[in-house]
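So the sequence lines, in the order shown, correspond to chains E and S. Here the first sequence is numbered in this note's numbering, starting from 1437 and rising by one per residue. Here the second sequence is numbered in this note's numbering, starting from 58 and rising by one per residue. Glycine included, each C-beta is placed from N, C-alpha and C at the ideal position. Read the structure below first, then the notes.
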Amino acid sequence: MPASPALSRQPWLPKRWRSTGSRLEALVAPTPAPAPVPSERILHVEDLGVRFVSRDGDVSILNGVTFSLDRGEVLCLLGESGSGKSVTLRTLLGILPPTARVSGRMDVDGQNLVGASESELRRVRGSKIAMIFQEPATALDPVFTIGHQIGETLVEHKGLSWADARARALQLLELVQIPSARQRLDAYPHELSGGLKQRAMIALALSCDPKLLLADEPTTALDATVQIQVLLLLRELQRELGMATVFVTHDLGVACEIADRVGVMYAGRLVEGADVAAIIKDPLHPYTQALMRSTVQAGMRGKVLDAIPGSPPDLAMLPPGCSFAPRCRHARAHCLAVAPDLIRLPGAGAGHSQRDMRCHIHGDEEAYRVSAPVTA
Amino acid sequence: MLFYVIRRLLYAVPITIGVTIVCFSLIHLAPGDPLSTVLPDNASPEVAAQIRAAYGFDKPLPIQYLVWLGNVAQGDFGVSVQSRRPVLGDVLPAVRNTMILAFAAVLLGFSFGILAGAVAGHVEGSLLDKAVTAFAITGVSVPHYWLGLVLVVVFAVNLGMLPAMGMGPGGQSGFTIDWAHLKHLILPAITLAVIPAGIIARSVRATVAEVRKREFVSALRAKGMPRPRIFLHVAKNAAPVVLAVSGLQFAQLLGGSILVEMVFSWPGTGFLMNSAIFTRDLPVLQGTILVLSLFFVLINLIVDVLQVVFDPRIKRA
């Protein structure tokens, strides 16, 4: 695929980023969406659950995760470490350890992958679904060249000859704007900088034109300046190729930069899901609100950061009620006893206006309203 | 690559010089005069001094060393005190015989060790893995001369299937590849292979299990690679470690085993050294040790070069 004019401009001049001021500001006035394409459901996840079963016990890692994604849409999964973001991605690819038990449903391009055979999964992985890993330094095999690692994917999925695969790999390296791509084709991962390695990883992920791109904190391991370059590149490529993308991050700023919708995860549950602008302007779930308060933003010098008290719960010993209740300032006795169901709130604007929520405050249960507040 | 090989070759030079110095010193470290076994007990001091001068033992040690080194470089390892023949004539056939045995043991031990280790690494924690580990530990722990004796008792004495000693029919020491000669090879080769097989199985298992846990294996699965391809990646990553361990084991096997060669009367370097020690035949001992040490240096060199073929990162170190 030829590089578009938009792609061929130098990405390391973050003009767009500068002109919009802070990342949060950019979000409130988001860049206009590309020309509307007929919406096409790429991913539908329904009541997804993952348990790790071993002799020592049975730990529930994911619980009732439900979301869906159309072609060209970007969903950011946001949350603390251990909230189940990365596990969600690995579940979608079916690359969990053998002790994992998956329940629920996940349709990728119309095919339910829960319970699919290993050979079915293998055909889907890399071709329909591709993943960008957090640490390119460890996710690339150190003893094979970049060209070989991209090429073998093409040989496997597209049935290309090695010579054709090499030519295509070169195009891909050029697509992700790796300078002197021809030499890099024969370079080993340790001969590339962190940013270039991650670009190579992106090229690898894009090699078979996936419909669904999974990105697991792809900029976390990079230098701050390189982070923005890679993020902008990813956003451009994602728009260009129209991939549905699930982007995992714990960085609110990154989420603002790239997301159409945001899903906030806590202790293996999706606690709030909504359009990115709605989440930023008007976070409804107490955990989302707390997350916003504890984030450093421009112009906050001198103000006191409001950190979330306590730490995420041990997944092996989840409280019976809402798992955030012990840290929540709005918690009532009912919250500690009964886990909130998923509720769907009508939104204000057009498009993806509705909002998914797991919180008693926004529910209409009588039991919550009459129960006594808990003071921490 | 060529540059790396040349650099590695240059590293080998001081090592080789060190080896020759140690070999040379052996004669002078050993208790008693090197000539005491040659001289008759009643030799007068004058005669002794004369013979010392004839052998060059009256000169300062550094001069003696240089003279000896010059001779060695021309292939003159001195003359055996016992047989009065040139040392090299005794050492080379022994080295050849030990090599035959070592190659057979390598073929057996390495193929078993690598196979068992790779399988165990892939099924880490399973019953099969534990069986391989148990076998490997047993293999390393059993004294191999004892194992050799047991094999002789069972297969040669009781069952009469295989010969107990020697290299070929009628005690001959030539070697051709036919059943009559291979028969003599089986028991000593098995005996020698057990320890390397155990050590290699252990290290291959550990390496494969460790490599399989690395993130890039997840990434390979994530891009839909079939199992054989993933195995290829794991194997290439594990290769440098396996190569290093195997190289050491191979060099050790080439050194010959005094005990096993004695048990099976295999006329190799171990056998030769054993008789040289008992007869205080220092030139033979010195020559054998020197030749074997040089093999050690050579094999390490080959292993170092081969490792770079598998892992390009080593080149920079």
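Use the C-beta contact count for residue i: other C-beta atoms within 10 angstroms, 16 or more gives buried, fewer gives exposed.
{"i": "leucine 123 of chain S", "result": "exposed"}
{"i": "serine 198 of chain S", "result": "exposed"}
{"i": "proline 253 of chain S", "result": "buried"}
{"i": "proline 1782 of chain E", "result": "exposed"}
{"i": "aspartate 186 of chain S", "result": "buried"}
{"i": "lysine 270 of chain S", "result": "exposed"}
{"i": "alanine 1465 of chain E", "result": "Annotation note: pLDDT 46 at alanine 1465 of chain E (below 50); position unreliable, no value reported."}
{"i": "phenylalanine 60 of chain S", "result": "exposed"}
{"i": "alanine 1428 of chain E", "result": "The shown model of chain E, from 1437 to 1812, leaves out residue 1428 of chain E, and the question about it has no answer."}
{"i": "lysine 1564 of chain E", "result": "buried"}
{"i": "glutamate 1592 of chain E", "result": "buried"}
{"i": "histidine 290 of chain S", "result": "buried"}
{"i": "tyrosine 1723 of chain E", "result": "buried"}
{"i": "alanine 111 of chain S", "result": "exposed"}
{"i": "lysine 1739 of chain E", "result": "exposed"}
{"i": "arginine 284 of chain S", "result": "exposed"}
Using alpha carbons as the reference points, say which of the options lies closest to residue i.
{"i": "glutamine 1619 of chain E", "options": "E/Thr1581, E/Glu1653 and E/Asp1506", "result": "E/Thr1581"}
{"i": "glycine 1746 of chain E", "options": "E/Ala1660, E/Val1707, E/Phe1760 and E/Gly1546", "result": "E/Phe1760"}
{"i": "valine 1538 of chain E", "options": "E/Val1481, E/Gly1551 and E/Pro1762", "result": "E/Gly1551"}
{"i": "alanine 383 of chain S", "options": "S/Leu165, S/Thr190, S/Leu244 and S/Ile247", "result": "Within the shown structure, residues of chain S are numbered from 58 to 374, placing residue 383 of chain S beyond reach of any answer."}
{"i": "glutamate 1571 of chain E", "options": "E/Val1690, E/Gln1790 and E/Ala1651", "result": "E/Ala1651"}
{"i": "leucine 164 of chain S", "options": "S/Pro245, S/Leu206 and S/Phe353", "result": "S/Pro245"}
{"i": "cysteine 1512 of chain E", "options": "E/Ala1743, E/Met1753, E/Glu1653 and E/Ala1660", "result": "E/Glu1653"}
{"i": "leucine 1754 of chain E", "options": "E/Ser1490, E/Val1774, E/Asp1696 and E/Val1740", "result": "E/Val1774"}
{"i": "leucine 1677 of chain E", "options": "E/Asn1499, E/Ala1639 and E/Ser1490", "result": "E/Ala1639"}
{"i": "isoleucine 1586 of chain E", "options": "E/Glu1554, E/Leu1549 and E/Pro1625", "result": "E/Pro1625"}
{"i": "threonine 1656 of chain E", "options": "E/Gln1665, E/Leu1649 and E/Leu1648", "result": "E/Gln1665"}
{"i": "isoleucine 1478 of chain E", "options": "E/Gln1547, E/Val1501 and E/His1798", "result": "E/Gln1547"}
{"i": "valine 360 of chain S", "options": "S/Val261, S/Ala308 and S/Leu86", "result": "S/Ala308"}
{"i": "aspartate 1687 of chain E", "options": "E/Cys1644, E/Gln1725, E/Leu1706 and E/Val1732", "result": "E/Val1732"}
{"i": "threonine 1527 of chain E", "options": "E/Ala1617, E/Pro1646 and E/Asp1543", "result": "E/Asp1543"}
{"i": "arginine 1671 of chain E", "options": "E/Ile1716, E/Leu1606 and E/Leu1649", "result": "E/Leu1649"}
From the DSSP output, in three-state form, read off residue i for me.
{"i": "cysteine 1764 of chain E", "result": "coil"}
{"i": "serine 1522 of chain E", "result": "helix"}
{"i": "aspartate 115 of chain S", "result": "coil"}
{"i": "phenylalanine 1503 of chain E", "result": "strand"}
{"i": "arginine 1620 of chain E", "result": "helix"}
{"i": "glutamate 1693 of chain E", "result": "helix"}
{"i": "arginine 271 of chain S", "result": "coil"}
{"i": "isoleucine 74 of chain S", "result": "helix"}
{"i": "glutamate 1556 of chain E", "result": "helix"}
{"i": "cysteine 80 of chain S", "result": "helix"}
{"i": "asparagine 331 of chain S", "result": "helix"}
{"i": "glutamate 103 of chain S", "result": "helix"}
{"i": "glutamine 1663 of chain E", "result": "helix"}
{"i": "tyrosine 1804 of chain E", "result": "helix"}
{"i": "valine 1774 of chain E", "result": "coil"}
{"i": "proline 226 of chain S", "result": "helix"}
According to DSSP, residue i sits in a beta bridge with which residue or residues?
{"i": "glycine 1699 of chain E", "result": "E/Leu1513 and E/Gly1709"}
{"i": "proline 143 of chain S", "result": "S/Val136"}
{"i": "phenylalanine 1683 of chain E", "result": "E/Cys1512 and E/Ala1651"}
{"i": "glutamine 306 of chain S", "result": "BP columns for glutamine 306 of chain S are empty, so no partner."}
{"i": "phenylalanine 1488 of chain E", "result": "E/Val1495 and E/Ala1536"}
{"i": "isoleucine 1568 of chain E", "result": "E/Ala1651"}
{"i": "threonine 1548 of chain E", "result": "For clarity, residue 1548 of chain E is asparagine in the given sequence; the question names threonine instead. Beta-bridge pairing links asparagine 1548 of chain E to E/Asp1543."}
{"i": "arginine 1477 of chain E", "result": "E/Asp1506"}
{"i": "glutamate 1482 of chain E", "result": "E/Arg1541"}
{"i": "proline 1809 of chain E", "result": "E/Arg1768"}
{"i": "arginine 1561 of chain E", "result": "E/Ile1565"}
Starting from residue i, trace the alpha helix (DSSP H) both ways and give me its first and last residue.
{"i": "serine 350 of chain S", "result": "339-367"}
{"i": "aspartate 186 of chain S", "result": "184-198"}
{"i": "alanine 1657 of chain E", "result": "Element bounds for alanine 1657 of chain E: n/a, residue is neither H nor E."}
{"i": "arginine 1604 of chain E", "result": "1598-1611"}
{"i": "threonine 1406 of chain E", "result": "Nothing about residue 1406 of chain E can be read from this structure; chain E reaches only from 1437 to 1812."}
{"i": "tryptophan 323 of chain S", "result": "It is not in any alpha helix (DSSP H) - tryptophan 323 of chain S carries neither H nor E in the DSSP assignment."}
{"i": "glycine 1630 of chain E", "result": "1630-1642"}
{"i": "methionine 1728 of chain E", "result": "1722-1729"}
{"i": "glycine 1583 of chain E", "result": "1582-1594"}
{"i": "leucine 206 of chain S", "result": "201-208"}
Taking residue i as part of the beta strand (DSSP E), name the residues at either end of that continuous run.
{"i": "methionine 1793 of chain E", "result": "1791-1793"}
{"i": "arginine 1780 of chain E", "result": "1779-1781"}
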